[in-house]
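There are 2 protein chains.
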Amino acid sequence: MKINLLLTGNELMAGDTIDSNSSMIANQFAPLGWRLHKKVTVGDDIKLLCEEIDLLSRDTDVLIINGGLGPTVDDLTADALAKVSGNPLEQHPEALEHLQQWAQQRGYQLNKANLKQSFLPKGSAIIPNATGSAVGINLQHQGCIIIATPGVPSELRPMLSQQIIPFLQSRYASGYIKTVRIGVFGLGESTLQEMFDHAFPDWPETIELGFRASFPVLEVKLTARLAGMDEQLESWKNKVKALLAEHVLGEMPCTMAAACLQQLNDKRSNMVTAESCTGGLIASEITRIPGSSSRFLGGIVSYSNSMKAEVLGVSWKALEQEGAVSEVVAQQMLSGALRVSGADVGIAVTGIAGPDGGTEDKPVGTVWLAWGAADNIKTLCLRLPFERPFFQNMVTALGLDLLRRYLLGVDTLPATASRYKVS
Amino acid sequence: MKINLLLTGNELMAGDTIDSNSSMIANQFAPLGWRLHKKVTVGDDIKLLCEEIDLLSRDTDVLIINGGLGPTVDDLTADALAKVSGNPLEQHPEALEHLQQWAQQRGYQLNKANLKQSFLPKGSAIIPNATGSAVGINLQHQGCIIIATPGVPSELRPMLSQQIIPFLQSRYASGYIKTVRIGVFGLGESTLQEMFDHAFPDWPETIELGFRASFPVLEVKLTARLAGMDEQLESWKNKVKALLAEHVLGEMPCTMAAACLQQLNDKRSNMVTAESCTGGLIASEITRIPGSSSRFLGGIVSYSNSMKAEVLGVSWKALEQEGAVSEVVAQQMLSGALRVSGADVGIAVTGIAGPDGGTEDKPVGTVWLAWGAADNIKTLCLRLPFERPFFQNMVTALGLDLLRRYLLGVDTLPATASRYKVS
Chain P
1 MKINLLLTGN ELMAGDTIDS NSSMIANQFA PLGWRLHKKV TVGDDIKLLC EEIDLLSRDT
61 DVLIINGGLG PTVDDLTADA LAKVSGNPLE QHPEALEHLQ QWAQQRGYQL NKANLKQSFL
121 PKGSAIIPNA TGSAVGINLQ HQGCIIIATP GVPSELRPML SQQIIPFLQS RYASGYIKTV
181 RIGVFGLGES TLQEMFDHAF PDWPETIELG FRASFPVLEV KLTARLAGMD EQLESWKNKV
241 KALLAEHVLG EMPCTMAAAC LQQLNDKRSN MVTAESCTGG LIASEITRIP GSSSRFLGGI
301 VSYSNSMKAE VLGVSWKALE QEGAVSEVVA QQMLSGALRV SGADVGIAVT GIAGPDGGTE
361 DKPVGTVWLA WGAADNIKTL CLRLPFERPF FQNMVTALGL DLLRRYLLGV DTLPATASRY
421 KVS
Chain H
1 MKINLLLTGN ELMAGDTIDS NSSMIANQFA PLGWRLHKKV TVGDDIKLLC EEIDLLSRDT
61 DVLIINGGLG PTVDDLTADA LAKVSGNPLE QHPEALEHLQ QWAQQRGYQL NKANLKQSFL
121 PKGSAIIPNA TGSAVGINLQ HQGCIIIATP GVPSELRPML SQQIIPFLQS RYASGYIKTV
181 RIGVFGLGES TLQEMFDHAF PDWPETIELG FRASFPVLEV KLTARLAGMD EQLESWKNKV
241 KALLAEHVLG EMPCTMAAAC LQQLNDKRSN MVTAESCTGG LIASEITRIP GSSSRFLGGI
301 VSYSNSMKAE VLGVSWKALE QEGAVSEVVA QQMLSGALRV SGADVGIAVT GIAGPDGGTE
361 DKPVGTVWLA WGAADNIKTL CLRLPFERPF FQNMVTALGL DLLRRYLLGV DTLPATASRY
421 KVS
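Chains P and H, in that order, give the protein sequences. Under UniProt numbering, the residues of the first sequence are numbered 1 to 423, in order. Under UniProt numbering, the residues of the second sequence are numbered 1 to 423, in order.
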């Protein structure tokens with residue numbers, strides 16, 4: 001089955017919006033062995049939309065259109081479909097009924113803008129939308145199945161899994177594909193490539209190998225496209241894991257926080273955070289994960305010196321003599337957090353995220369990390385030459401990784417930490 | 001100037017990666033009045049790449065290719081350019097020199113995979129890369145300027161601003177375009193459309209009006225494409241702001257946290273957070289903003305009951321009798337956080353993010369918010385039927401907005417809060 005994708009919206013061309021929908025579609029299709037062949041994005045321009053619908057539906061089995069089904073004047077998908085297919089717009093009774101129910105549930109009054117959403121090209125079938133006002137459109141044109149979907153991700157997601165995939169499965173068989181993704185942190189892409197070249201001169205042609213940097217995780221992806229490859233894939237997965245050892249976070253999807261939580265689960269330990277320059281990001285990354293409450297007791301975002309002293313018990317003397325960004329303050333932040341929370345282990349970070357606040361001694365990008373248990377606190381000073389948000393993301397990733405390695409009982413540093421270590 | 005964009009990478013087709021580069025390119029081009037005409041994305045497939053380079057370079061002035069310049073075997077852009085243009089790959093002395101310098105600065109040894117990056121189609125000019133190993137490629141083909149750029153965002157960004165834009169400016173004049181974007185929170189898109197229809201029957205044709213939902217902010221965008229429109233645009237901007245009143249966050253880019261910080265600056269107040277179900281996300285959103293330290297004293301992520309009691313002084317009696325998700329606990333979390341931090345105002349949230357932890361009385365999605373000053377604490381209970389990450393994002397947005405409205409001195413609720421309020 002050949003699948004093309006057409007995305008529409010001025011916001012996608014103007015850079016206002018980052019498209020995550022095509023990734024969602026690809027991800028939902030992947031387990032069935034369905035791959036996107038080509039993806040085209042155009043603005044809300046009726047002429048260009050018509051051209052692309054015509055072109056993309058010619059050489060493909062399925063064309064999925066995303067966006068342009070909303071109530072406003074710049075939503076042109078139904079109109080373009082009507083023009084290209086020669087089926088004029090008419091009010092669709094099921095679409096109207098859907099709109100009425102949608103409005104009733106919310107205590108809304110349907111307005112004229114909303115009602116536009118009930119007009120579809122003649123001969124279309126509707127695709128129910130469980131959460132939004134716009135129904136999807138299913139229309140055959142020159143032997144191609146055209147499916148128009150709403151641009152709102154939370155509406156697209158269930159429409160894909162509950163409506164579109166079952167419909168396409170009833171038309172097209174799914175192929176065999178099996179993928180293993182291993183999340184890695186602490187090695188660069190070209191180091192990885194070299195390690196593979198050396199360790200696996202006999203890498204089999206039947207397994208595609210790919211690397212993908214998805215900050216902060218580097219993903220190693222093994223893909224088999226032939227049936228009966230399960231065992232071979234499993235065996236190569238294990239070889240890869242053995243080669244990369246402590247740098248392996250786990251199988252994807254796996255975040256830095258999830259890998260750290262996994263170690264906490266293995267060791268039946270719980271943790272706490274004390275954050276200054278990351279401002280709650282470490283805690284937030286951990287608590288994104290369902291069930292984190294069993295291992296994460298809490299955190300203190302001690303942005304002001306006063307909170308460092310009053311809540312965490314950092315000594316005013318240390319703050320005044322060494323400054324807030326210093327080894328002793330990082331250590332005291334961690335011991336304070338461990339004390340007030342009763343946690344077994346923790347992470348503390350204090351640094352200068354910038355763009356202001358740097359000094360000659362401690363320029364922007366300087367950060368002290370402390371991690372470990374009350375009787376075994378490790379520390380490290382880095383100088384990370386990155387802009388504020390990336391600096392915060394990097395410190396968060398490193399903090400979580402250092403605690404993960406601590407729990408794992410290894411003392412190697414991830415490559416980034418070695419590279420930017422202040423000697 | 002007509003500009004097409006070709007993105008390449010299996011990760012973009014497989015859904016592994018969300019493309020933010022095209023948005024970056026569009027955003028850097030926008031102030032010059034340069035708009036992207038069409039965007040095509042294909043996988044690492046040499047045949048498809050060659051086809052699209054050929055097609056997309058035919059009807060355009062500029063073709064920008066993004067991705068496929070890396071050291072690994074699936075990086076095919078230089079190869080495809082060589083094939084399409086008929087200029088064979090040869091080692092480019094400047095590219096080689098760049099690679100050598102890049103490696104030297106990092107104490108790396110160049111390997112064979114890296115050296116591949118020095119081979120470019122004959123006749124190419126290189127585009128320096130300040131941060132990465134891959135130089136960009138500038139090549140003329142059938143009257144079109146083809147520019148190949150690296151896929152790593154941090155390498156693309158400076159290459160665009162420092163190399164590509166100045167180069168294109170020297171070739172093409174920039175057009176007039178002026179855009180005003182107003183960030184709004186608390187009104188739905190179709191309510192907005194109706195308000196505009198009613199209030200502005202005389203909306204001028206010379207100003208394009210667009211709405212864009214960029215969760216959680218709704219953006220109202222006014223665009224003028226004719227010279228000399230500055231005054232008119234300014235005047236309509238002010239009319240729009242007056243119409244939308246307290247729902248206006250500010251001019252974009254503006255986050256919920258930035259709008260709240262702006263009010264804190266106006267009132268010369270500082271704040272604190274006490275978070276349970278959002279797990280540090282509110283603090284993290286605030287501290288993303290440079291200079292937030294002058295208004296944000298810190299926060300407590302009191303995930304465990306013990307931290308609620310020990311650090312914030314929430315009474316064990318309240319925790320046992322009313323439960324952690326209750327009005328009195330939200331109030332006590334806020335008063336505790338105000339007390340330990342000495343802040344003027346704050347936000348506290350306690351709720352059930354799910355997927356587990358719900359009860360019949362307090363199902364997943366229940367959240368108590370408390371906000372205001374020690375002598376004037378407001379509370380609200382909502383039941384938000386969203387999945388964990390979206391629930392956390394929504395509670396964060398609402399918490400920040402409720403504090404913003406409090407500081408502004410208005411007592412209207414944003415529409416989402418009214419809709420999901422537990423009566």
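Yeah, the Cβ is synthetic: ideal placement off N, Cα and C, and Gly gets one too. All figures in this text were calculated on a predicted structure; none of them were measured in a lab.
{"query": "Proximal residues of chain P, C-beta to C-beta of H:Glu251 below 8 Å", "result": "Result: empty, since nearest Cβ-Cβ is about 14 Å, beyond 8 Å."}
{"query": "DSSP three-state assignment for P:Ser154, whether helix, strand or coil", "result": "helix"}
{"query": "Cutoff 6 Å; reference P:Ala259; Cβ partners in own chain excluding five residues on either side", "result": "Leu249, Gly250, Arg404"}
{"query": "Nearest-angstrom Cα separation, counted from P:Gly136 out to P:Ala148", "result": "5 Å"}
{"query": "Distance CB(P:Leu369)-CB(P:Leu380) smaller than 8 Å", "result": "yes"}
{"query": "Bounding residues of the alpha helix (DSSP H) (the contiguous stretch that carries P:Thr77)", "result": "77 to 85"}
{"query": "Assigned secondary structure, P:Ile177 (DSSP; H/G/I helix, E/B strand, else coil)", "result": "coil"}
{"query": "Environment of residue 432 of chain H [buried if 16+ CB atoms lie within 10 Å]", "result": "The structure shown does not extend to residue 432 of chain H, since chain H is modelled only from 1 to 423, so the question has no answer here."}
{"query": "Endpoints, the alpha helix (DSSP H) within which P:Ser341 is located", "result": "327 to 341"}
{"query": "Three-state class that DSSP yields for H:Glu231 in the structure shown", "result": "helix"}
{"query": "Backbone CA spacing between P:Leu156 and H:Glu231 [nearest angstrom]", "result": "41 Å"}
{"query": "Where the region 22 to 41 of chain H meets chain P: residues whose CB sits under 9 Å from a CB there", "result": "Ser22, Ser23, Met24, Ile25, Ala26, Asn27, Gln28, Phe29, Ala30, Arg35, Leu36, His37, Lys38, Lys39, Val40, Thr41"}
{"query": "In DSSP terms, what H:Lys221 is bridged to", "result": "H:Arg181, H:Gly210"}
{"query": "Closest Cα partner of P:Gly279 within the set H:Asn265, H:Ala283, H:Arg106, H:Thr278", "result": "H:Ala283"}
{"query": "H:Glu320 versus H:Met271: straight-line alpha-carbon distance, rounded", "result": "28 Å"}
{"query": "Every unbroken beta strand (DSSP E) inside the region 22 to 86 of chain P [3 residues or more]", "result": "36 to 42, 62 to 66"}
{"query": "C-beta neighbour in chain H for P:Gln140, strict 8 Å", "result": "no"}
{"query": "Opposing strand residues paired with H:Gly136 [DSSP bridges]", "result": "H:Ile127"}
{"query": "Cβ distance (whole Å) where P:Cys254 is taken to contact P:Val349 below 8 Å", "result": "Not a contact, Cβ separation roughly 22 Å."}
{"query": "Endpoints, the beta strand (DSSP E) within which P:Met271 is located", "result": "271 to 275"}
{"query": "Simplified DSSP assignment, three categories, for H:Cys260", "result": "helix"}
{"query": "Between the CA atoms of P:Leu96 and P:Ser124 - distance to the nearest angstrom", "result": "14 Å"}
{"query": "H:Ile165 in three-state terms, based on DSSP", "result": "helix"}
{"query": "For P:Lys122, the first and last residue of its enclosing beta strand (DSSP E)", "result": "It is not in any beta strand (DSSP E) - P:Lys122 carries neither H nor E in the DSSP assignment."}
{"query": "Interface residues of the region 302 to 330 of chain P facing chain H [CB-CB below 8 Å]", "result": "Ser302, Tyr303, Ser304, Ser306, Met307, Glu310, Val311"}
{"query": "Burial state of H:Pro121 (16 or more Cβ within 10 Å)", "result": "buried"}
{"query": "Chain H within 8 Å of P:Ala190, Cβ atoms only", "result": "One point to set straight first is that residue 190 of chain P is Ser, not Ala, in the sequence displayed. So yes, P:Ser190 belongs to the interface."}
{"query": "Sub-8 Å separation of H:Leu115 and H:Ile64 beta-carbons", "result": "no"}
{"query": "DSSP state of P:Trp391 mapped onto helix, strand, coil", "result": "The question names Trp, yet the displayed sequence has Phe at residue 391 of chain P. The answer is helix: DSSP assigns P:Phe391 an H, G or I state."}
{"query": "Sufficient close CB pairs (3 or more, under 8 Å) joining the region 238 to 249 of chain H to the region 183 to 191 of chain H", "result": "yes"}
{"query": "Exposed unless 16 or more other CB atoms sit within 10 angstroms - verdict on P:Phe215", "result": "exposed"}
{"query": "Neighbour flag for P:Ile127 against chain H, beta carbons, 8 Å", "result": "no"}
{"query": "Cutoff 8 Å: P:Ser341 Cβ touching any chain H Cβ", "result": "yes"}
{"query": "Top-ranked residue by Cα proximity to H:Ala8, from H:Leu69, H:Leu222, H:Arg58, H:Pro201", "result": "According to the sequence shown, residue 8 of chain H is Thr rather than Ala. When each option's Cα is compared against that of H:Thr8, the closest is H:Leu69."}
{"query": "Interface partners of H:Pro355 on chain P, CB under 8 Å", "result": "Pro290"}
{"query": "Where P:Asn10 falls, given that 16 or more other Cβ within 10 Å makes a residue buried", "result": "buried"}
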